[in-house]
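Heads up, the sequence shown is in my numbering, so the first residue is 132 and it goes up one at a time.
All residues carry an ideal CB built from backbone N, CA and C; glycine is no exception.
Have a look at the structure below before the remarks.
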Amino acid sequence: MNRRGFTFIELIISLSITSVIGLAVVTLMGAVTSGITSKEDGRQSSIRFSTLKTKMSAYVSPARCILDTSPSSATLWMNDSRESNTVHATEIRWIEFNPTLEQLEVSFVSFPEHWSEEMKSSNDTECNEHTNYAQLLSNFNAKGYITSLTLVDQISGCDFWFNETQPTDITLISFEFKLNSTMGETDSLVIDEVIRQHLLPLEEIE
132 MNRRGFTFIE LIISLSITSV IGLAVVTLMG AVTSGITSKE DGRQSSIRFS TLKTKMSAYV
192 SPARCILDTS PSSATLWMND SRESNTVHAT EIRWIEFNPT LEQLEVSFVS FPEHWSEEMK
252 SSNDTECNEH TNYAQLLSNF NAKGYITSLT LVDQISGCDF WFNETQPTDI TLISFEFKLN
312 STMGETDSLV IDEVIRQHLL PLEEIE
């Protein structure tokens, strides 16, 4: 069962969307409305596209590295909040396409608010090169410690493309998808996002 909640990262992302959405709608209108006859429908699709682009940039750009991938998902190491130069479960964001709900989601570990920092730390799994990140997500979800947020809904598929085959070597992620609307599907849309400062576990920031 998913729990509702926001970490600092998710709060910053939610606050950033409003400030950029107006300009993004204007600049992206032409690209998104291709193949859609309704101007209002095109405007709404533009807003959804712009919002998703802002969210994906906020997640991918500051991430340290990619931990795991699939054709419809990416597992990101966001930061080293434990200051250990290793990956902990609470530092991970799982971004994946949910075909049943037709939406792109982000999931993260969120412990009960009443827990002490010691309890949170002791339950915050430290990962290594043998970690199965899909299983890790499943394990925490079974305990009720996963929060999932919708990045964008009503999308017709979402394919992930990466510039490298080895997850930890990846620095570029491309998302290709179509938005569903009252007038049908948009043309294929693509969002490209780059990791600004690629850092692997045990690497120090120079």
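Residue environment, residue i, which counts as buried when at least 16 other CB atoms sit within 10 Å
i, result
"V321", "exposed"
"W208", "buried"
"D199", "buried"
"K274", "exposed"
"N212", "Looking at the sequence shown, residue 212 is not Asn but Ser. Per the 10 Å Cβ criterion, exposed."
"G288", "exposed"
"M132", "The predicted position of M132 is uncertain, since its pLDDT is 44 and thus under 50; no value can be drawn from it."
Within 7 Å, strictly: CB atoms of residue i and residue j
i, j, result
"T296", "H329", "no"
"A205", "I304", "yes"
"E227", "I286", "no"
"P332", "I197", "no"
"F242", "Y276", "yes"
"T217", "E249", "no"
Cα-Cα separation between residue i and residue j, rounded to whole angstroms
i, j, result
"R327", "S192", "5 Å"
"N263", "V283", "26 Å"
"L310", "S215", "40 Å"
"N270", "T281", "21 Å"
"K184", "D318", "16 Å"
"S176", "A265", "31 Å"
"M314", "H261", "47 Å"
"G173", "F306", "20 Å"
"N229", "L268", "14 Å"
"S188", "D300", "19 Å"
"L235", "E334", "31 Å"
"T231", "S279", "15 Å"
"E222", "I178", "29 Å"
"D255", "H245", "15 Å"
"S252", "K186", "28 Å"
"V325", "S181", "17 Å"
"W292", "S247", "40 Å"
"N272", "R224", "13 Å"
"N210", "Y190", "11 Å"
"N259", "E316", "41 Å"
"N294", "S201", "13 Å"
Supposed contact pair residue j and residue i - C-beta distance, whole angstroms, cut 8 Å
i, j, result
"A220", "V240", "5 Å"
"S203", "D290", "7 Å"
query: Unbroken beta strand (DSSP E) runs of length 3 or more, entirely within the stretch 202–254: which are they?
result: The qualifying runs are 204–208, 223–229 and 234–240.
- request: Go through the stretch 281–314 residue by residue and report every complete run of the alpha helix (DSSP H) that reaches 4 residues or more, in order.
  value: As far as the stretch 281–314 is concerned, it has no whole alpha helix (DSSP H) run of at least 4 residues.
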